[in-house]
Amino acid sequence: QLIKANNILSMAWAVTPIFAPILGAYLLHYHGWQALFWMLAVIALLTFLIAGCCLPKDSPRSLERPTVPLSLRSALSTLSKCGCFVEMTLLSAFAYAGVLGFVVTSPFLFQSVFHLSVTSYGHAMLMVAGGYLLGSVMNHHLNKNYALEQIIKASGFLLSACLMLWVLCLNSAGEKKKVKLQQNPTRP
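In structure tokens form, the structure reads like this:
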């Protein structure tokens, strides 16, 4: 049941970025920013009602946890001494921070820097969500066919290569802008 629940949550995490920017863009464009909050309130109410109707009613006895011989402090101490666990936790934390950083800054970048309208931003986010969905499918395929260590090494190399390419593109764009400014100086 936990695997099934995790798959449902993963699907929601994959589908939400596809529909949210487009729906939000049209709500904002046609009904103003208040409509976004009303839509979130309706979604929260529906989620609450569906959870109340569909989740099984467990008795308090079934919710009791079995006694664990280790205390929380000793369990955390044991985990913190495991180098692999600490590395994976930090890697996951930084990756998730990067995703959240993109989610938070993308509206500003797409609309202010690239001058996209609200609805165009929603459509641009479709491509981002498609990339996320493709990445999820690739992750599922890789996990079935390769060892975790191989995936981590390959993804670390790929991430480093992409970061270097990004830095080179930024540097190239900066150089082109510098040359353009030198060729066409503005007059006071």
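The sequence shown finishes on residue 224 if you use the numbering used here, and the numbering steps up by one all the way, no holes.
Ideal placement from N, C-alpha and C gives every residue a C-beta, glycine not left out.
Check: Under 7 Å between C-beta atoms of residue 152 and residue 144; Outcome: no
Check: Span separating the alpha-carbon of residue 224 from that of residue 172; Outcome: Unreliable positioning characterises residue 224 in this predicted model, as indicated by a pLDDT of 48, which lies under 50. The coordinate reading is nonetheless provided below. Those two C-alpha atoms are separated by around 53 Å.
Check: For residue 63 and residue 71, believed in contact at Cβ under 8 Å, the rounded distance; Outcome: 4 Å
Check: Buried/exposed call for residue 161, threshold 16 Cβ in 10 Å; Outcome: buried
Check: Supposed close pair residue 155, residue 65 - CB separation, criterion 8 Å; Outcome: 6 Å
Check: Whether residue 58 touches residue 166 by CB criterion (7 Å); Outcome: no
Check: Residue 137 in three-state terms, based on DSSP; Outcome: helix
Check: C-beta atoms of residue 24 and residue 178 nearer than 7 Å; Outcome: Not covered by the structure: residue 24. The range shown for the chain is 37 to 224.
Check: Minimum C-alpha distance to residue 73 - residue among 120, 150, 170, 60; Outcome: 60
Check: Cβ pair residue 121, residue 112 closer than 7 Å; Outcome: no
Check: Boundaries (first-last residue) of the alpha helix (DSSP H) holding residue 149; Outcome: Careful: residue 149 lies outside any alpha helix (DSSP H) and carries neither H nor E.
Check: For residue 92, the three-state DSSP class (helix, strand or coil); Outcome: coil
Check: Spatial distance of residue 52 from residue 169 (CA atoms); Outcome: 11 Å
Check: CA-to-CA distance, residue 92 to residue 149, given in whole angstroms; Outcome: 49 Å
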